[in-house]
Amino acid sequence: MVKLNRPHIGIFGRMNAGKSSLVNVLTGQDTAVVAAVPGTTTDPVRKIMEILDVGPVTLIDTAGLDDTSQLGPQRIAKTREVLDQVNLAIIVFTAEISSYEKELAALCRAKKVPFFFVQNKTDLYPASAAEWDGVEVVAFSCVKKENKPLLEAIKRYLPVNAYAHDDIFGGFVKEKDEVVLVIPIDASAPEGRLILPQVQTLRGLLDGRAVGICLQPPQLPGWLAKHTPKLVVTDSQAFKYVSSVVPADVALTSFSILFSRLKGDFDLFLQSTPKIDDLQEGDKVLILESCSHSVNKCDDIGRVKIPAWLQKKTGKKLQFEVIASLDPLPQNLSAYKLAVQCGGCMVTRAQILSRVHRLAEAGVAVSNYGMTIAWCSDIFERVTEIFSRH
Numbered sequence: 036m037v038k039l040n041r042p043h044i045g046i047f048g049r050m051n052a053g054k055s056s057l058v059n060v061l062t063g064q065d066t067a068v069v070a071a072v073p074g075t076t077t078d079p080v081r082k083i084m085e086i087l088d089v090g091p092v093t094l095i096d097t098a099g100l101d102d103t104s105q106l107g108p109q110r111i112a113k114t115r116e117v118l119d120q121v122n123l124a125i126i127v128f129t130a131e132i133s134s135y136e137k138e139l140a141a142l143c144r145a146k147k148v149p150f151f152f153v154q155n156k157t158d159l160y161p162a163s164a165a166e167w168d169g170v171e172v173v174a175f176s177c178v179k180k181e182n183k184p185l186l187e188a189i190k191r192y193l194p195v196n197a198y199a200h201d202d203i204f205g206g207f208v209k210e211k212d213e214v215v216l217v218i219p220i221d222a223s224a225p226e227g228r229l230i231l232p233q234v235q236t237l238r239g240l241l242d243g244r245a246v247g248i249c250l251q252p253p254q255l256p257g258w259l260a261k262h263t264p265k266l267v268v269t270d271s272q273a274f275k276y277v278s279s280v281v282p283a284d285v286a287l288t289s290f291s292i293l294f295s296r297l298k299g300d301f302d303l304f305l306q307s308t309p310k311i312d313d314l315q316e317g318d319k320v321l322i323l324e325s326c327s328h329s330v331n332k333c334d335d336i337g338r339v340k341i342p343a344w345l346q347k348k349t350g351k352k353l354q355f356e357v358i359a360s361l362d363p364l365p366q367n368l369s370a371y372k373l374a375v376q377c378g379g380c381m382v383t384r385a386q387i388l389s390r391v392h393r394l395a396e397a398g399v400a401v402s403n404y405g406m407t408i409a410w411c412s413d414i415f416e417r418v419t420e421i422f423s424r425h
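Every position in the sequence shown, counted from 1, becomes a number in the numbering used here once 35 is added.
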């Protein structure tokens with residue numbers, strides 16, 4: 036088994052509620068700058084720590100919800116954006132729960148983000164009720180530095196699927212099975228290394244005690260002449276060639292499609308991808324890149340190749356817009372007919388789900404890089420059946 040998602044936990048609250056002090060107590064380090072001056076934390080600060088029985092998590096310390104400085108609105112906007120990135124929210128207050136915390140709690144519920152309250156500075160303020168509106172309130176004091184009750188609350192509220200071990204192959208690959216990974220080393224490949232989906236897929240094979248064979252496309256026919264693997268996993272860009280070489284009775288998929296299940300909403304992608312054929316002349320398509328990378332290459336997958344394949348498949352001239360990294364989505368989502376999400380190897384599942392579900396709710400068909408390429412290559416059913424074969 037391979038752990039692909041590190042849980043993200045956001046620490047929210049008003050200025051001087053002791054959010055940064057709380058992070059420091061949790062990590063046992065002076066991770067966040069602490070001062071009596073309101074608004075000390077300006078941008079989200081991230082720190083990785085290990086929690087027993089959970090594993091490594093990322094804590095995100097955020098700016099105060101009540102920042103009234105000149106840059107306050109921008110800082111508060113950044114704080115709210117963090118809600119789309121976390122698996123759990125901890126809402127910190129001191130004397131009493133105010134309208135700020137109540138509004139954030141309502142936002143958490145709307146976004147389906149689990150949360151609980153922490154009443155900090157209980158060495159100065161009397162502890163309030165043990166819950167508010169059905170949500171637990173943990174009494175806490177950074178002065179006392181007793182973090183066990185807080186850690187136990189984190190374990191109770193953090194969804195198990197945020198840290199449980201994932202089987203990237205969905206149970207399809209068993210011990211001793213042979214799996215071929217087709218990894219083109221071309222102009223799109225980074226210098227001197229493999230990309231993360233390739234590394235994590237290989238690690239998944241090692242953890243499951245399967246046999247992994249890494250080949251470049253030209254080596255594939257010779258190897259298949261002497262071997263019959265359980266599965267072939269390829270870079271989606273090589274689908275056309277690889278599918279023509281791999282026998283029909285050998286399962287075939289791509290790194291991007293494997294990640295569409297782990298990092299996205301596989302069923303949503305599966306149902307939405309065929310809507311590519313419904314695209315009309317001039318329709319707008321959103322390309323969602325979840326990382327920052329150089330885009331000076333003429334064969335960029337998201338900005339060049341996928342748009343070209345979509346227009347060839349549909350026979351229509353389409354309009355494309357790219358959203359890079361975690362930049363906000365456009366305001367008028369209903370103006371788009373299709374969104375294509377990358378594999379998402381550099382972000383959490385919570386971040387991707389937040390985006391794709393917002394798009395789906397706006398009536399936008401949402402696909403994935405690998406699934407879109409497979410549809411345009413007329414091999415969609417073949418490369419998505421891996422998760423229904425066993």
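Just so it is clear, CB atoms sit at the ideal spot from N, CA and C, and this is done for glycine as well.
Using the C-alpha atoms, what's the distance from V170 back to A141?
-> 12 angstroms
Near S412, which residues of its chain fall below 6 angstroms by C-beta distance, leaving aside the five closest residues on each side in sequence?
-> So the list reads F274, K275, once near-sequence residues are dropped.
Would the beta-carbon of G205 fall within 8 angstroms of that of F422?
-> yes
Whether A370 touches E324 by CB criterion (8 angstroms) = no
Of the residues W410, P149, T114, K146, which one's Cα is nearest the Cα of L345?
-> W410
So does the segment 308-327 actually touch the segment 350-368, counting three or more Cβ pairs closer than 8 angstroms?
-> yes
Does the segment 259-272 touch the segment 206-214, meaning 3 or more C-beta pairs lie closer than 8 angstroms?
-> yes
Comparing alpha-carbon positions, which option in V399, I311, L368 lies nearest F415?
-> Among V399, I311, L368, the Cα nearest to that of F415 belongs to I311.
Compare the beta carbon distance of I132 and I44 with 8 angstroms and say whether it is the shorter of the two.
-> no
DSSP three-state assignment for V426, whether helix, strand or coil = No information on residue 426 is available, as it lies outside the stretch 36 to 425 that the chain covers here.
Ordered along the chain, which non-local residues of its own chain (more than five positions away) have a Cβ less than 7 angstroms from that of V121?
-> H43, I44, G45, I95, V148, A385
Label C469 either buried or exposed according to how many other C-beta atoms from any shown protein chain fall within 10 Å of its C-beta, with 16 as the threshold for buried.
-> One cannot answer for residue 469 here, as it falls past the ends of the chain, which runs 36 to 425.
Would you verify that the beta carbon of L94 is, or is not, closer than 8 angstroms to some beta carbon of chain C?
-> Judged by its chain identifiers, the structure shown contains no chain C, having just a single protein chain.
If you run the structure through DSSP and keep just helix, strand and coil, what is C143?
-> helix
Can you give the Cα-Cα distance for G74 and H392, rounded to whole angstroms?
-> Low local confidence applies: a pLDDT of 47 at G74 is under 50, so the model's placement there is unreliable, with the coordinate-based value given in what follows. The alpha-carbon atoms of G74 and H392 are separated by roughly 33 angstroms.
Should E136 be labelled buried (16 or more other beta-carbon atoms within 10 Å of its own) or exposed?
-> buried
Could you give the DSSP three-state label for A385: helix, strand or coil?
-> Of the three classes helix, strand and coil, the one that applies to A385 here is helix, per DSSP.
Buried or exposed: where does I83 fall if 16 or more other Cβ atoms within 10 Å of its Cβ makes it buried?
-> exposed
Count the other CB atoms, across all protein chains shown, that sit within 10 Å of the CB of V60; report buried if there are 16 or more and exposed otherwise.
-> That one is buried.
CA-to-CA distance, Q154 to R296, given in whole angstroms = 38 angstroms
Cα-Cα, which of L373, S289, S56 is closest to D313?
-> Residue L373 is the option with its Cα nearest to D313.
If you draw a straight line from the alpha carbon of V58 to that of V173, how long is it in whole angstroms?
-> 15 angstroms
In terms of residues, what are the limits of the alpha helix (DSSP H) holding S412?
-> Premise fails: S412 is in no alpha helix (DSSP H) and is neither H nor E.
Nearest to T185 (by Cα), restricted to the options L87, N367, A245, K340 = Note that residue 185 is Leu in the sequence shown here, rather than Thr. It is L87.
Rounded separation between N182 and A98 - CA only | 22 angstroms
Let me know the secondary structure DSSP gives F207 once reduced to three states.
-> coil
What first and last residue would you give for the beta strand (DSSP E) that runs through G351?
-> According to the sequence as given, residue 351 is Lys; it is not Gly. It is not in any beta strand (DSSP E) - K351 carries neither H nor E in the DSSP assignment.
Output the distance between the C-alpha atoms of V217 and P232, rounded to the nearest integer angstrom.
-> 12 angstroms
Element boundaries [alpha helix (DSSP H), containing E187] | 183-192
Can you give the beta carbon distance from F47 to T93, rounded, assuming they're within the 8 angstroms contact cut?
-> F47 to T93, Cβ: 15 angstroms. No contact.
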